[in-house]
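Participant: I am attaching a structure below and will ask some questions about it afterwards.
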């Protein structure tokens with residue numbers, strides 16, 4: 001029945017999470033290897049730029065995802081308003097939407113500047129690293145954002161499944 | 001009476017906002033002058049770094065302020081819970097607090113890296129600018145964050161006053 005089907009889906013999602021966490025760990029190890037090489041061959045101020053860019057990367061990506069999620073939820077709530085909604089409530093939602101849209105725009109611009117910094121760091125590293133190490137750097141950076149996005153999507157799906165399951169079992173009692 | 005007193009306070013706050021907007025405009029003009037000089041005397045990649053830093057500055061400061069505000073409101077709500085609060089509601093608030101605390105930490109780290117980028121840009125400009133122009137740059141950057149913070153505080157106070165006034169007039173009708 002439905003409960004079984006959702007439970008099975010949750011099981012698959014949780015296994016996917018395990019695999020994802022291993023991928024994240026593997027990518028972090030690659031990142032540490034790249035960092036050790038960069039530290040050895042680059043000037044201190046260049047290493048600094050590399051470190052700052054890597055440090056900002058997951059923060060900005062996380063921020064962007066969190067703002068997209070909140071904005072989507074507010075817009076979803078706005079689309080589902082009916083006549084029973086008070087004008088007060090509607091106004092609060094519209095104000096929230098305005099604020100979140102602005103913050104989302106800001107976060108997108110931070111991300112654009114970050115992409116430019118990625119290219120600047122790449123150009124620096126290209127002066128020092130072998131082709132193979134440079135490819136490792138590129139792979140690490142690409143995977144870092146991709147894995148964060150995948151992790152976020154997976155966590156959302158698991159949370160949704162858990163809520164559905166809770167709803168169903170509650171309604172059966 | 002109370003309504004008069006709040007109205008007068010609001011009037012003062014709105015005048016302060018006018019003055020503040022003039023200060024912001026004046027600082028923006030200073031910023032454009034600094035930018036024009038930097039563009040003329042620095043290498044394109046150095047000008048790029050300057051522009052990116054300036055562009056990220058207000059975004060990160062705004063982000064940090066918005067997260068501090070939201071975190072404070074959630075913590076305030078948590079402190080004001082009483083026995084009538086459902087465990088569900090409490091759990092939602094605690095989860096929100098956890099999430100916001102993490103995002104706030106991230107934003108603080110973004111700001112720290114930004115402060116380091118400010119010093120990097122300063123060191124670049126110090127190679128090119130006269131002492132006076134360099135002082136203008138420093139003043140512009142310091143004022144830029146300070147004015148954003150002041151603007152946010154002022155807007156919050158005005159909003160609070162308007163809500164108080166609305167509450168009072170509603171209760172008198």
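Residue numbers (full-length UniProt numbering), protein chains in the order written: chain A, 1 to 173; chain B, 1 to 173. All C-beta atoms in this analysis are idealised placements derived from N, C-alpha and C, irrespective of residue type, glycine included.
#1: Comparing alpha-carbon positions, which option in 54/B, 80/B, 59/B lies nearest residue 35/B?
#2: Following the continuous alpha helix (DSSP H) through residue 167/A, name the residue where it begins and the one where it ends.
#3: Residue 55/A touches chain B at which residues, Cβ-Cβ below 8 Å?
#4: Decide if the region 41-53 of chain A is in contact with the region 114-132 of chain B; the criterion is three or more beta carbon pairs, one per stretch, under 8 Å apart.
#5: Can you list the residues of chain A that residue 23/B reaches, using a CB-CB cut of under 9 Å?
#6: Does residue 170/B have its Cβ less than 8 Å from a Cβ in chain A?
#7: Decide if residue 170/A is buried, meaning its Cβ has at least 16 other Cβ atoms within 10 Å, or exposed.
#8: On a CA-only basis, which of 78/A, 57/A, 131/A is nearest residue 144/A? Give me that one, please.
#9: Could you give the distance in angstroms between the alpha-carbon of residue 126/B and the alpha-carbon of residue 140/B?
#10: Out of curiosity, what's the CA-to-CA distance linking residue 77/A and residue 167/B?
#11: Counting only C-beta atoms, is residue 66/A closer than 8 Å to chain B at any point?
#12: Which whole runs of the alpha helix (DSSP H) in the region 44-94 of chain B are 4 residues long or more, in chain order?
#13: Looking only at its own chain, which residues have a Cβ that is under 7 Å from the Cβ of residue 67/B, when we skip the five neighbours before and after it?
#14: By alpha-carbon positions, which one of 164/A, 172/A, 151/A, 173/A ends up nearest to residue 20/A?
#15: Of all Cβ atoms in chain A, is any one closer than 8 Å to the Cβ of residue 103/B?
#16: Smallest Cα separation from residue 18/B: which of 158/B, 162/B, 163/B?
#17: Give the DSSP-derived three-state secondary structure of residue 33/B in the structure shown.
#18: Under 8 Å between beta-carbons, which chain A residues line up against residue 116/B? List them in chain order, please.
Facilitator: On the basis of the supplied data:
#1: Ranking 54/B, 80/B, 59/B by Cα distance to residue 35/B puts 54/B first.
#2: Unbroken alpha helix (DSSP H) run through residue 167/A: 131-172.
#3: Correct list: 109, 113.
#4: Touching, yes, given that three or more Cβ pairs across the two stretches are closer than 8 Å.
#5: Neighbours of residue 23/B on chain A: none; closest Cβ ~22 Å, over 9 Å.
#6: With its beta carbon at least 8 Å from every one in chain A, residue 170/B lies outside the interface.
#7: Counting C-beta atoms within 10 angstroms of its own C-beta, residue 170/A has fewer than 16 neighbours from the protein chains shown and is therefore classed as exposed.
#8: Looking at the Cα atoms, 57/A is the closest of the given residues.
#9: One alpha carbon belongs to residue 126/B, the other to residue 140/B, and they sit about 15 Å apart.
#10: Taking the straight line joining both Cα atoms gives about 27 Å.
#11: Against chain B, the CB of residue 66/A has a partner CB under 8 Å away; the residue lies at that interface.
#12: For the region 44-94 of chain B, whole alpha helix (DSSP H) runs of length 4 or above, ordered along the chain, are 44-79.
#13: If we look at residue 67/B and ignore the five residues flanking it on each side, its Cβ neighbours are 100, 103, 104, 107.
#14: In terms of Cα proximity to residue 20/A, the closest of 164/A, 172/A, 151/A, 173/A is 151/A.
#15: It does; some Cβ of chain A falls within 8 Å.
#16: The shortest C-alpha separation from residue 18/B is found at 158/B.
#17: Correct three-state label for residue 33/B: helix.
#18: Contact annotation for residue 116/B against chain A: 48, 52 [CB-CB distance below 8 Å, chain order].
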